[in-house]
Amino acid sequence: MDKIKFLDLGTQPIANNFLSSPFEKEHLFNLSMGMDVETSLVTQMEYVEPSLMFNENYVYHTSGSKTMLNHFSKFAQEVKKSFCPSSILEIGSNDGAFLKNFKDDPSCKHLVGVEPCGNFAKITNDMGIATHEEFWTEDFVRDIDMKFEFIYAANCLCHIQDIRDALRAVERALTPGGIFVAEDPSLLDMVKITSYDQIYDEHAHIFSIYSLNMLASEVGLKLYVVDHMPTIHGGSNRVFFEKNSASNINSTVIKNIIEEEKAAGICDIRGIEGFSSKVENSKKDLIKLLHKHKDLGEKIISYGATSKSTTVFNYCELGTEIFDYITDSTPDKQGKFSPGMHIPVVSPVDLIKEHVDTAFLAAWNFRTEILKYERKWQNTGGCFITHVPEVIEYYNTMSPFP
Ligand code: TYD
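To convert, take the position in the sequence shown, counting from 1, and add 73; that gives the working numbering.
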């Protein structure tokens, strides 16, 4: 790909590599984004070796959030109703949050997961779902030699560096007329709300509908529905493709979405270049606000040891001089240190036990869920700081949260 660089987020570690000791050696790389000249795909300038990110120590588990569990269970019901597929494959099946909904469905004869992280492949295999511990490639599909009526990839297609190979593999694994559904963070949302923390090692690409459609149509996958989901992972698109569709199903709705993307400047390098200054301003504002709170002698923590916050903390150089610790409900992250900035990660119980004045909402994409859990703390004067959609401080007296 011939790429033009438009954003530099500096030196970054592996976003989900939580350390057992702050002295552990880390893999560091430059995180920069560019745009592919031919397809306008927004993609990293240099990719990180996949096995450094996706391995048996991978910590992100989908079922850690009620929001996501409900999201996948609801979609599974929709799939049963609309497609009633007899064979389903999920690319990046993680801990089975989606596939487990089909386990006892008699109409689904073949249920297959593909998951490169051994710890998660084991979980779904133990559940009785045949899971291949593999990366999704055309070679892999050639080897298994099976066809599926429905293929799903949630927050996974954007992880696959060789996107053309991944789409060719999907086309090869689908039955004629088969459906492929991918859901990934939306580039338009990212630019609108300056959520530059959607960019980290794992997110090789951030898709516009314009570029994804162009890439998929190269291999004969026809885009026919785009569902915009503003609250999922901070703004995602669920896109539906059909293999070998004879009908002209590219709808007016899709054309309008692409027109909106073009008007927002995300389909050409000149337009997307403006994003860089928005990101720099966000950084300056966040550093200033956090220092204001620190200078008042406050105890500040961060809420949610997210991959996104790895980008923010390393880009803004925010470490233990600001944050006492990070709370996270994931047991595998607790007792560890955040990548790059080495902030201790503890269980959220400590937020209630100890006195905390201010919490940076690192898991801002789950803010509805989190604000519900932390109402008691907020009622005693606790302040949340977020950087999305802009840098603000939020006390309970202010309502509603923007
Ligand atoms: P997420 O935003 O999905 O992650 P990423 O940026 O890594 O894609 O991760 C949310 C993290 O926040 C996850 O580690 C679980 C944690 N979390 C809490 O600690 N408390 C909560 O109430 C919720 C909803 C999430």
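Beta carbons are placed, not taken as given, at the ideal position from N, Cα and C, and that holds for glycine.
In this text, all values refer to a predicted model and were calculated from it rather than measured experimentally.
Around Lys381, the same chain offers Asp270 as residues with beta carbons nearer than 6 Å, after the five sequence neighbours per side are excluded. The beta carbon of Phe439 sits closer than 6 Å to at least one heavy atom of ligand 1. Residue burial annotation: Pro158 is buried, with at least 16 other C-beta atoms found within 10 angstroms of its C-beta. With a threshold of 6 Å, the Cβ atom of Gly137 counts as near ligand 1, since some heavy atom of the ligand is closer than that.
Ala289 and Trp209 have their alpha carbons spaced roughly 16 Å apart.
For Gln451, the enclosing alpha helix (DSSP H) covers residues Arg448 to Asn452. DSSP lists Leu101 as the beta-bridge partner residues of Pro86. The closest heavy atom of ligand 1 lies 6 Å or more from the beta carbon of Asp109. Cβ neighbours of Gly251 within its own chain (closer than 8 Å, five residues either side excluded): Lys220, Phe221, Glu222, Phe223, Ile224, Glu315 and Lys316.
The shortest CA-to-CA distance from Pro421 to any of Gly413, His415 and Lys406 is the one to Lys406. DSSP places Cys181 in the coil class of the three-state scheme, outside both helix and strand. Exclusion of the five residues before and after Lys328 leaves no residue of its chain whose Cβ lies closer than 8 Å to its Cβ.
For the options Pro404, Asp401, Ile374 and Val385, the alpha carbon positioned closest to that of Thr393 is the one of Ile374. Judged by the Cβ position, Ala432 fails to qualify as a neighbour of ligand 1 at the 6 Å threshold, every heavy atom of the ligand being at least this far. Proximity of the beta carbon of Ser259 to ligand 1 is not indicated: no heavy atom of the ligand is located closer than 6 Å. In the three-state reduction of the DSSP assignment, His306 falls in the helix class.
Shown here, Thr379 sits in coil according to DSSP, grouped into three states, outside any helix or strand. Thr459: member of the beta strand (DSSP E) spanning Cys456 to Thr459, first to last residue. Proximity of the beta carbon of Ile443 to ligand 1 is indicated: a heavy atom of the ligand is located closer than 6 Å.
When C-beta atoms of the stretch 176–187 are compared with those of the stretch 195–206, three or more pairs fall below 8 Å, so the two segments count as touching.
For Cys229, the CB contacts under 7 Å within the same chain, skipping 5 residues up- and downstream, are Ile164 and Gly165 in chain order.
According to the DSSP assignment, Ser155 belongs to the alpha helix (DSSP H) that extends over Lys139 to Ser155. Three or more beta-carbon pairs separated by less than 8 Å link the stretch 280–300 to the stretch 109–127, which places the two stretches in contact.
Exclusion of Lys409 from the 6 Å shell around ligand 1 follows from its C-beta lying no nearer than that to any non-hydrogen atom of the ligand.
When C-alpha distances from Thr135 are compared across Leu247, Phe171, Asn103 and Asp274, the shortest belongs to Phe171.
Under a 10 Å Cβ-count criterion, Asp218 is classified as exposed, with fewer than 16 other Cβ atoms of the shown protein chains found around its own Cβ.
Per DSSP, the continuous alpha helix (DSSP H) segment holding Tyr283 begins and ends at Ile282 to Glu291. For the pair Ser268 and Leu80, the CB atoms are not nearer than the 7 Å cut-off. Of the candidates Val299, Val132 and Ser138, Ser138 places its Cα closest to the Cα of Glu442. Here Asn128 is exposed. Its C-beta has fewer than 16 other C-beta atoms within 10 Å. Inter-segment contact for the stretch 356–369 and the stretch 241–261 is absent: fewer than three beta-carbon pairs are separated by less than 8 Å. Within the chosen limit of 6 Å, ligand 1 does not reach the beta carbon of Thr267 with any heavy atom. In this chain, Glu333 is not harboured by any beta strand (DSSP E); it is covered by the alpha helix (DSSP H) spanning Thr325 to Ala336. In the DSSP assignment, Thr116 falls within the beta strand (DSSP E) that extends over Val115 to Gln117. Fewer than three pairs of CB atoms, one per stretch, sit closer than 8 Å, so the stretch 181–195 makes no contact with the stretch 84–95. Each residue's CA atom was taken as its position, placing Ile345 and Leu362 some 27 Å apart.
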